[in-house]
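Numbering-wise (this note's numbering), the sequence shown opens with residue 61 and increments by one. The next block holds one structure in the form of structure tokens; read it before the comments.
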Amino acid sequence: MAVTHDTFEIRKVFDAAPPAIFGAFAFQDRKSRWYAASPAHERLSYSFDFRPGGEEKLTARMLPGTPIAGKELCWTSTYAEIVNNARIVFFQTLDVDQSRVSAAVVTVEIVPLGDKSEVLLTHQAVYFEGADGPAMRRMGWDFLLDTMASELQPG
């Protein structure tokens, strides 16, 4: 039973102030559009409790045309630390058909850059049997952050 450990960072600059970036993570209506909605899956359930100790949970079934069509995925996040407009830290697990495939610590740092913001996402994970692995996870987060840009509201 082999496991893989990996850490990656993604840095992106957005044309928005830190409160707008933070709001895209902190408000369920905004986050559900860039995080829970996807053309690749059917959302089965989504819950959101954005506070230290709170839980966010997305369960979805992958659609035809995806590499794991028909599989049920469940992402569960528990928020460890939230600093308004500056930092979000959460623990996240991923289950595929009720089997745990990974566990991660994700840190989102939001840094003001004049009228813009830099987002640094650090993803530290262990991948178990049946996991998508670091390359696919990085690609997923890169896509999600790009999608998040459409949810940015003036701070």
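Just so it is clear, CB atoms sit at the ideal spot from N, CA and C, and this is done for glycine as well. Source: prediction; values computed, not measured.
According to the neighbour-count rule (16 or more other Cβ atoms, all chains shown, within 10 Å of its Cβ), is Leu-173 buried or exposed? Numbered from 1 along the sequence shown, position 113 holds the residue referred to as residue 173. By the beta-carbon neighbour count (other beta carbons within 10 angstroms, threshold 16), Leu-173 is exposed.
Local Cβ density within 10 Å of Val-143, reported as buried at 16 or more and exposed below that: Taking the sequence shown and counting its residues from 1, the one referred to as residue 143 is at position 83. So Val-143 ends up on the exposed side.
For the putative contact between Lys-117 and Asp-157, defined by C-beta atoms under 8 Å, what is the C-beta separation to the nearest angstrom? Stepping through the sequence shown from its first residue, residue 117 is reached at position 57. Stepping through the sequence shown from its first residue, residue 157 is reached at position 97. Under the criterion of beta carbons closer than 8 Å, Lys-117 and Asp-157 do not qualify as touching, at roughly 16 Å.
Return the CA-CA distance between Gly-215 and Ala-62, expressed in angstroms with no decimal places. For the purposes of this step, residue 215 is taken as residue 155 along the sequence shown, with counting starting at 1. For the purposes of this step, residue 62 is taken as residue 2 along the sequence shown, with counting starting at 1. Here Gly-215 scores only 48 on pLDDT, less than 50, and its place in the model is too uncertain to base an answer on.
Pairwise C-alpha distance: Val-166 and Tyr-139: Position 79 of the sequence shown holds residue 139. Position 106 of the sequence shown holds residue 166. Answer to the nearest angstrom: the Cα atoms are 10 Å apart.
Alpha carbon of Ala-97 to alpha carbon of Arg-103, nearest angstrom: Counting from 1 along the sequence shown, the entry for residue 97 is found at position 37. Counting from 1 along the sequence shown, the entry for residue 103 is found at position 43. Whole-angstrom Cα-Cα distance: 7 Å.
Across which residues does DSSP place Ala-120 in a beta bridge pair? Against the sequence shown, residue 120 aligns to sequence position 60. Partner(s): Arg-103, Leu-133.
Checking 8 Å against the spacing of the C-beta atoms, do Glu-169 and Arg-147 come in under that value? For this step, residue 169 is matched to residue 109 along the sequence shown. For this step, residue 147 is matched to residue 87 along the sequence shown. Yes, the pair counts as a contact, with Cβ atoms nearer than the cut-off.
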